[in-house]
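2 protein chains.
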Amino acid sequence: MNGAETLVQTLVDAGVEVCFTNPGTSEMHFVAALDRVKGMRSILTLFEGVASGAADGYGRMAEKPAATLLHTGPGLANALANFHNARKARTPIVCIVGDHARSHQAFDAPLSADVAAFARTVSGWVRSCASAVAVADDTAEAVAAARTPPGGLASLILPADCAWEEAAGPAKPRAIPPQGSAEPATVRQVATALRSDEPCVLLLTGEALLAEPLALAGRIAQATGARLMSQTFNARLQRGAGRTPIEPLPYFAEAAIGVLAGARHLILVGSQPPVSFFAYPDTPSWLTPESAEIHTLARPEDDAAEALAALAAEIGTPLPPAPTEAAHAGPLPTGRLSAEAVHRSIAVQLPAEAIVSDEAITSGFGMLHYTRGAAPHDWLQLMGGAIGQGLPLATGAAVACPDRKVICLEGDGSAMYTIQSLWTQAREGLDVTSIIFANRRYAILEVELARVGAAPGPQAARNYSIDDPNLDFVALARGCGASGARATTADEFNEHFGRAMHEPGPHLIEVEI
Amino acid sequence: MNGAETLVQTLVDAGVEVCFTNPGTSEMHFVAALDRVKGMRSILTLFEGVASGAADGYGRMAEKPAATLLHTGPGLANALANFHNARKARTPIVCIVGDHARSHQAFDAPLSADVAAFARTVSGWVRSCASAVAVADDTAEAVAAARTPPGGLASLILPADCAWEEAAGPAKPRAIPPQGSAEPATVRQVATALRSDEPCVLLLTGEALLAEPLALAGRIAQATGARLMSQTFNARLQRGAGRTPIEPLPYFAEAAIGVLAGARHLILVGSQPPVSFFAYPDTPSWLTPESAEIHTLARPEDDAAEALAALAAEIGTPLPPAPTEAAHAGPLPTGRLSAEAVHRSIAVQLPAEAIVSDEAITSGFGMLHYTRGAAPHDWLQLMGGAIGQGLPLATGAAVACPDRKVICLEGDGSAMYTIQSLWTQAREGLDVTSIIFANRRYAILEVELARVGAAPGPQAARNYSIDDPNLDFVALARGCGASGARATTADEFNEHFGRAMHEPGPHLIEVEI
Chain B
0 MNGAETLVQT
10 LVDAGVEVCF
20 TNPGTSEMHF
30 VAALDRVKGM
40 RSILTLFEGV
50 ASGAADGYGR
60 MAEKPAATLL
70 HTGPGLANAL
80 ANFHNARKAR
90 TPIVCIVGDH
100 ARSHQAFDAP
110 LSADVAAFAR
120 TVSGWVRSCA
130 SAVAVADDTA
140 EAVAAARTPP
150 GGLASLILPA
160 DCAWEEAAGP
170 AKPRAIPPQG
180 SAEPATVRQV
190 ATALRSDEPC
200 VLLLTGEALL
210 AEPLALAGRI
220 AQATGARLMS
230 QTFNARLQRG
240 AGRTPIEPLP
250 YFAEAAIGVL
260 AGARHLILVG
270 SQPPVSFFAY
280 PDTPSWLTPE
290 SAEIHTLARP
300 EDDAAEALAA
310 LAAEIGTPLP
320 PAPTEAAHAG
330 PLPTGRLSAE
340 AVHRSIAVQL
350 PAEAIVSDEA
360 ITSGFGMLHY
370 TRGAAPHDWL
380 QLMGGAIGQG
390 LPLATGAAVA
400 CPDRKVICLE
410 GDGSAMYTIQ
420 SLWTQAREGL
430 DVTSIIFANR
440 RYAILEVELA
450 RVGAAPGPQA
460 ARNYSIDDPN
470 LDFVALARGC
480 GASGARATTA
490 DEFNEHFGRA
500 MHEPGPHLIE
510 VEI
Chain H
0 MNGAETLVQT
10 LVDAGVEVCF
20 TNPGTSEMHF
30 VAALDRVKGM
40 RSILTLFEGV
50 ASGAADGYGR
60 MAEKPAATLL
70 HTGPGLANAL
80 ANFHNARKAR
90 TPIVCIVGDH
100 ARSHQAFDAP
110 LSADVAAFAR
120 TVSGWVRSCA
130 SAVAVADDTA
140 EAVAAARTPP
150 GGLASLILPA
160 DCAWEEAAGP
170 AKPRAIPPQG
180 SAEPATVRQV
190 ATALRSDEPC
200 VLLLTGEALL
210 AEPLALAGRI
220 AQATGARLMS
230 QTFNARLQRG
240 AGRTPIEPLP
250 YFAEAAIGVL
260 AGARHLILVG
270 SQPPVSFFAY
280 PDTPSWLTPE
290 SAEIHTLARP
300 EDDAAEALAA
310 LAAEIGTPLP
320 PAPTEAAHAG
330 PLPTGRLSAE
340 AVHRSIAVQL
350 PAEAIVSDEA
360 ITSGFGMLHY
370 TRGAAPHDWL
380 QLMGGAIGQG
390 LPLATGAAVA
400 CPDRKVICLE
410 GDGSAMYTIQ
420 SLWTQAREGL
430 DVTSIIFANR
440 RYAILEVELA
450 RVGAAPGPQA
460 ARNYSIDDPN
470 LDFVALARGC
480 GASGARATTA
490 DEFNEHFGRA
500 MHEPGPHLIE
510 VEI
């Protein structure tokens, strides 16, 4: 076996069975190894930001890492924005980056770059293979690093000669360190706070937002009168009819400050103390009120479900049943098409166990409200603020969960960063329905500018509008070998979306609002 | 004036008058300043890789920097691949990156990232503004750093508070250090070598490939029997009928070694000693034969024209006239469409002073041969090997030279990295004609795999072909608000290209080969 073959075999043995690729010459031995080693599914993307975003979506849903295969420093560079998002989501990913052969690195060849410097910007673990024989152990350690709680990006740089030279064989999977446990003293302090009459906020993110721990958190909140909240953005939230409702912290700093005002105890379950997304003149970044004491019940690397169970036991009294969302039976919208009409139509028609990749930005304001009683589903959000995640994330989620419908809620501006996703969806026959909210502008920037009291002049307006010329997402889908439809009324949207929910995808619906 | 206004005014005062943007919330004060300060044209892109590639194309043709405006670490990340290419091309660019307000940087907000770490991967100069008052001086120094010979990328990180707080005023442009001069001793050595009977190779790149210094180099070669060669890839080459012919060093290592075999003197004019693009088993990376002595007549930062003039004077004897290419009068191709037919059609129909952005990869093999006698034109190539440069580079060149036709020769695989360029071309009414060679595969990777003696298995083949499904570039152009046409015969191509050369653009022609 050559180094590349030991790499692929070690990945497969460690349970990594999907690789999102965009290879070049330096990676051809890895690519050749895909046919010599059984068990790795490679999925080609036309742009590396699709590969990194897809690996994020896959990892969030499969709860184990996919690999990515990228071409030297610039190939990795194209993947970095969505790796940034994955880093903030704490998604396990094994990133393989080809590099020049070691003997070639001293020369300033056109593609020469400091690959490790690119990798360090987003990775928790970076290593460059020192020999073909070392590749297998390096790979096993990369997988373990990616899976070490809470999960993260491990980048392994593979010089071409380490891929093509002979190696000994694959390496055994490494043991993964267990999740941490809540401190008993903290559990007691939190229980005491919750039993007091002082206002408490339980702030959840991460695996605490999966259905079971969330229900337990809901029972604890119900029993103690605590306010149950999630972070503004969450990697994965299980919600909908029959699930426990949870209120997100508002996006804008002044609103979040209002919601948290008066809290005496802020209890973190997988979350960090909230800070504003951006800083503004005369508005604090730190959102926890001075009145509040912060308790860290579970750090991101801890077992949040276990921590909540320990808390429930410490509280002692029998807990009431978890509150649950009632199923929504609202009528389908009719007439004029608006973002709200789309939300309401989706709420009615969303199938059970759907996965929603949410990058609708301003067009998604209110969406969480309308869909609270939709059939139970998973909601995946943008964790790092780097737009261009929605379509790739949906792509990877569909690979991880081929039996579930995936819906991508996407702003038109955001869609254009990684529109190449549509081709991979078409090629792999992925069951993704992309809904493009075509408001023809970067509306969030207009909102932000208005918030600081400025009115855009002509050049500023031209930086925030994308309506000259209009994008045609139905044509873009066709260009990528996929199909699309345009909805100009609520009734048309109902029909397109309803059909998409009953036919395997991919589908795209451009929503003119 | 606030910090952002002093930044824009300082750029304008230093001659930077175009800014390729993709702003976010952190940059809204910069965007607002575009309307308060006169003289800066901002050009919105839908993806940052378009902005960086356009700045490269602009800088190569305008011979002065454009600015880019990018949104925090991830926005910069999306621009890095084309900045890598620009770095290898030594193109002057001033990269402005917004960041969180300084007081906000201690918090782990979603968009928090080490912006400087991203910037250092590609920049010769990186600074983060320490206060609003410092912004103007920092900007003046950034422009000077970008313009310091041989030119490069200067990245200025602008925390949001340094943009919105009050500042004193703009800063005066800094003096730019002059280009270096050839060492008299080296000039004498090179003249002695050239006057000897020993085989000499003059290896040119950079400004030595502009028409006048190239003609002088051609006269020197003619007088002394030296072989006149350019690097394989060059940022800008002035060629065509009436210009001095020059032979590029072959791409593949074994061919380059064959060409250089027996040389006794390798004379570098702006170039570096040649190395292979990639390393291969059993093939050396270093291409200069052991028999050859290397002479550096002009380093990249030196005045190559002056060095060639000094060399001509040192040689002493009157130089013969420069050899020139005869004008090509070949007939238009007819019948079956092929890459060669496209090359021949372009050779006949290319208008004088056209600018060609060449990222045709395998479909461009032979193109330089067929177009040697075309009307005089500038030829811009991919300098860093990071594909996805062609369309953005053409976009920026068209902004720099609004009175010249720009032709982009683009592989279908390469086009998909930065297809969003078509929208900016349409919005700005840029006179670019993009020719997409749709061979439905990453053909260079198939060539490279064959060269190492491997046959692709099914998974490998699926990583190298992009024909399932086929991309439709006419639909992609329409999706971006542009128009396109498809050519399936040589006659159709002649007609589409001929019309494009007589009507303002943008145009796109998909070539089915």
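Residue numbers (numbering that gives the first Met the number 0), protein chains in the order written: chain B, 0 to 512; chain H, 0 to 512. Built from N, CA and C at the ideal position, the CB exists for glycine as well.
Should N438/B be flagged as near chain H, meaning a C-beta pair shorter than 9 Å? Counting from one through the first sequence, the residue named residue 438/B turns up at place 439. With 9 Å as the cut-off, N438/B does not count as an interface residue toward chain H.
Range of the contiguous beta strand (DSSP E) that encloses D113/H: In the second sequence, counting from the first residue as 1, residue 113/H sits at position 114. Element bounds for D113/H: n/a, residue is neither H nor E.
Taking the alpha-carbon positions, what's the D160/B to A78/H distance? Counting from one through the first sequence, the residue named residue 160/B turns up at place 161. Counting from one through the second sequence, the residue named residue 78/H turns up at place 79. Cα-Cα distance, rounded: 29 Å.
Using a cut-off of 8 Å between C-beta atoms, extract the partners of N462/B located in chain H. What you label residue 462/B is simply residue 463 of the first sequence in a count that begins at 1. What N462/B touches in chain H: T20, P22, V30, L33, S41, L43.
Considering only C-alpha positions, which residue in the set I345/B, G38/B, F277/B, S362/B is nearest to V355/B? For this step, residue 355/B is matched to residue 356 along the first sequence. Taking only the C-alpha atoms, the option nearest V355/B is I345/B.
Below 8 Å, can you find three or more Cβ-Cβ pairs linking the region 450-457 of chain B to the region 20-35 of chain H? yes
Identity of the residue in G483/H, I465/H, V114/H nearest L507/H by Cα: Along the second sequence, one-based indexing puts residue 507/H at 508. Comparing Cα positions, the closest option is G483/H.
Going along chain H in order, which residues have a C-beta closer than 8 Å to the C-beta of G52/B? Walking along the first sequence from the start, residue 52/B turns up at place 53. By Cβ distance, chain H contributes nothing, its closest Cβ being about 12 Å from G52/B, past 8 Å.
For the region 405-431 of chain B, which residues have a beta carbon sitting closer than 9 Å to at least one beta carbon of chain H? G412, M415, Y416, T417, I418, Q419, W422, A425, R426
Looking at chain H, is there any beta carbon in it that lies within less than 9 Å of the beta carbon of N77/B? Taking the first sequence and counting its residues from 1, one reaches residue 77/B at position 78. Yes, N77/B counts as interfacial toward chain H.
Any C-beta of chain H under 9 Å from that of V268/B: What you label residue 268/B is simply residue 269 of the first sequence in a count that begins at 1. Answer no: the Cβ-Cβ gap between V268/B and chain H never drops below 9 Å.
Give the secondary structure of F82/B by DSSP, where H, G and I count as helix, E and B as strand, and everything else as coil. Within the first sequence, numbered from 1, the residue matching residue 82/B stands at position 83. F82/B: helix per DSSP, three-state reduction.
Determine, using beta carbons only, whether T71/B comes closer than 9 Å to chain H. Stepping through the first sequence from its first residue, residue 71/B is reached at position 72. Yes, T71/B lies at the interface with chain H (some Cβ there is under 9 Å from its Cβ).
Kindly provide the ranges of any beta strand (DSSP E) runs that are 3 or more residues long and lie completely inside the region 141-219 of chain H, ordered along the chain. 152-158, 199-203
Could you tell me whether the Cβ of P455/B comes closer than 9 Å to any Cβ of chain H? Working through the first sequence from its first residue, we reach residue 455/B at position 456. Interface residue, yes.
Straight-line Cα distance separating L318/H from P401/H: Walking along the second sequence from the start, residue 401/H turns up at place 402. Walking along the second sequence from the start, residue 318/H turns up at place 319. Whole-angstrom Cα-Cα distance: 37 Å.
Beta-carbon within less than 6 Å of A297/H's beta-carbon, same chain only, minus the 5 sequence neighbours each way: which residues are those? Translated into the one-based positions of the second sequence, residue 297/H becomes position 298. Excluding residues within five positions, the ones whose Cβ falls inside 6 Å are A181, V268, G269, A303, A306.
Could you tell me whether any Cβ in chain B is nearer than 9 Å to the Cβ of M228/H? Reading the second sequence from its first residue, position 229 is the one you call residue 228/H. No, because no Cβ of chain B sits closer than 9 Å to the Cβ of M228/H.
Candidates V451/H, C407/H, N462/H, of which the one nearest M500/H by Cα: As a position in the second sequence, residue 500/H is number 501, starting the count at 1. With distances taken between Cα atoms, M500/H lies closest to C407/H.
If we count Cβ pairs, one from each stretch, closer than 8 Å, do we get three or more for the region 203-216 of chain H versus the region 226-236 of chain H? yes
For a contact defined as C-beta to C-beta under 9 Å, what are the partners of F251/B on chain H? Counted from its first residue, the first sequence places residue 251/B at position 252. Chain H residues near F251/B: none, gap ~11 Å exceeds 9 Å.
Please identify, using Cβ separations under 7 Å, the residues of the region 373-387 of chain B that lie next to chain H, in order along the chain. M382, G383, G384, A385
Grouping DSSP H, G and I as helix and E and B as strand, with all else coil, what is D12/B? Along the first sequence, read from residue 1 onward, the residue named residue 12/B stands at position 13. Here D12/B sits in helix by DSSP.
Buried versus exposed, by CB contacts within 10 Å (16 or more), T316/B: What you label residue 316/B is simply residue 317 of the first sequence in a count that begins at 1. Answer is exposed; the Cβ neighbour count stays below 16.
Just checking, does the region 90-107 of chain B make contact with the region 272-284 of chain H on the three C-beta pairs under 8 Å criterion? yes
Within a Cβ cutoff of 6 Å, which residues of the same chain sit near M60/H, ignoring the five residues on either side of it in sequence? As a working mapping, residue 60/H is identified with position 61 in the second sequence. Result list for M60/H: A396, A399, C400, in chain order.
Proximity to T394/B [Cα-Cα], best of E47/B, T9/B, V36/B, G56/B: As a first step, residue 394/B is located in the first sequence; it is residue number 395 there, counting from the start. T394/B has its Cα closest to that of G56/B, out of E47/B, T9/B, V36/B, G56/B.
Where do the ends of the beta strand (DSSP E) carrying Q458/B lie? Residue 458/B sits at position 459 when you count from the first residue of the first sequence. Per DSSP, Q458/B belongs to no beta strand (DSSP E); it is in the alpha helix (DSSP H), 457-463.
Identity of the residues DSSP links to S344/H by a beta bridge: Within the second sequence, residue 344/H is the residue found at index 345, counting from 1. Answer is none; S344/H lacks a bridge partner.
Within chain H, the residues that Q458/B reaches when beta carbons sit closer than 7 Å: The sequence position of residue 458/B within the first sequence is 459, counting from 1. Those within 7 Å of Q458/B in chain H are L33, D34, S41.
Quick check: the region 193-204 of chain H against the region 255-275 of chain H, are there 3 or more CB pairs under 8 Å? yes
Does L248/B come within less than 9 Å of chain H when only Cβ atoms are used? Numbered from its first residue, the first sequence carries residue 248/B at position 249. No - not a single Cβ of chain H is within 9 Å of the one on L248/B.
Contacts that C534/B makes with chain H (C-beta to C-beta distance below 7 Å): Examination of residue 534/B is not possible in this model, given that chain B is present from 0 through 512 alone.
Under 9 Å between the Cβ atoms of R86/H and G123/H? For this step, residue 86/H is matched to residue 87 along the second sequence. For this step, residue 123/H is matched to residue 124 along the second sequence. Yes; because the gap between Cβ atoms is below 9 Å, this pair is in contact.
When you check each C-beta in the region 100-115 of chain H against every C-beta of chain B, which residues fall closer than 7 Å? A100, S102, H103, F106, D107, A108, P109, L110, A112, D113
Compare the C-beta of L448/B with all C-beta atoms of chain H and state if any pair is closer than 9 Å. Counting from 1 along the first sequence, the entry for residue 448/B is found at position 449. It does: the Cβ of L448/B has a partner Cβ on chain H nearer than 9 Å.
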